[in-house]
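Everything below concerns the one structure shown next.
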Ligand code: ADE
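In structure tokens, the structure reads:
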């Protein structure tokens, strides 16, 4: 039976057609089919102004690029939110200037009843969109993409797979990277030896305590080497 309260994800975008291949494949698709989540795409263009349905304009003060205008964005947000006024969404804007996305944020968002993702394209947003709508600003990394569509899809994928029931029993999300702040340990499967490279003996030992310790040690080692920033600061020697 589908859950009583599936997560509703509304998406405001100038390119709704970009989402179909991602939301219609793999876990995001299966989660929707199981009734765990629903996706609602709204095209921003019809909220544009004038004969050309403009959504952006030149920046005051000059400079390159275009700026997404307040009018179309406020109208679109109002339109989407009034479709289900009893459940106001967490508003989220995808922007390279936002707070970097972490698994902790993903976990928190996966527990909310409704999200409204706002993706701009090419242009920045008029600051009054941020000040007036007070969205959570999220970046998916320190690089600039041509729009917020791919970041919105990254966020959706990361969120949806955490909804209970979205992953199969054999591919649970419990002991993967970041769940407890550490990266994942190395994994091996058949064959026991490949091109002279052997699977670590301990994994074949059947000793579950030893295996658990080996895995934990490896997680610490990998995290220490690649992402020391994830580890708590070492406590001073007594
Ligand atoms: N829009 C463009 N680049 C982005 C990024 N890195 N994260 C979120 N939104 C973006």
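In the working numbering, the protein residues as written are 57 to 294.
Glycine included, each C-beta is placed from N, C-alpha and C at the ideal position.
How is residue i classed by DSSP in three states: helix, strand or coil?
{"i": "residue 243", "result": "coil"}
{"i": "residue 87", "result": "helix"}
{"i": "residue 77", "result": "helix"}
{"i": "residue 238", "result": "coil"}
{"i": "residue 94", "result": "strand"}
{"i": "residue 166", "result": "helix"}
{"i": "residue 203", "result": "strand"}
{"i": "residue 172", "result": "strand"}
{"i": "residue 143", "result": "coil"}
{"i": "residue 266", "result": "helix"}
{"i": "residue 274", "result": "helix"}
{"i": "residue 249", "result": "strand"}
{"i": "residue 182", "result": "coil"}
{"i": "residue 198", "result": "coil"}
How many Å lie between residue i and residue j at the Cα?
{"i": "residue 260", "j": "residue 287", "result": "29 Å"}
{"i": "residue 159", "j": "residue 99", "result": "29 Å"}
{"i": "residue 80", "j": "residue 175", "result": "19 Å"}
{"i": "residue 202", "j": "residue 178", "result": "5 Å"}
{"i": "residue 68", "j": "residue 271", "result": "42 Å"}
{"i": "residue 172", "j": "residue 181", "result": "16 Å"}
With hydrogens ignored, establish whether the beta-carbon of residue i is closer than 6 Å to any heavy atom of the ligand ADE.
{"i": "residue 195", "result": "yes"}
{"i": "residue 255", "result": "no"}
{"i": "residue 123", "result": "no"}
{"i": "residue 289", "result": "no"}
{"i": "residue 207", "result": "yes"}
{"i": "residue 152", "result": "yes"}
{"i": "residue 204", "result": "yes"}
Measure from the alpha carbon of residue i to the alpha carbon of each residue in the options, then state which is nearest.
{"i": "residue 239", "options": "131, 275, 174 and 262", "result": "275"}
{"i": "residue 283", "options": "291, 71, 66 and 237", "result": "237"}
{"i": "residue 279", "options": "255, 95 and 242", "result": "242"}
{"i": "residue 215", "options": "135, 144 and 165", "result": "165"}
Could you check if residue i is buried or exposed, using at least 16 other CB atoms within 10 Å of its CB as the buried criterion?
{"i": "residue 195", "result": "buried"}
{"i": "residue 170", "result": "buried"}
{"i": "residue 204", "result": "buried"}
{"i": "residue 88", "result": "buried"}
{"i": "residue 125", "result": "buried"}
{"i": "residue 116", "result": "exposed"}
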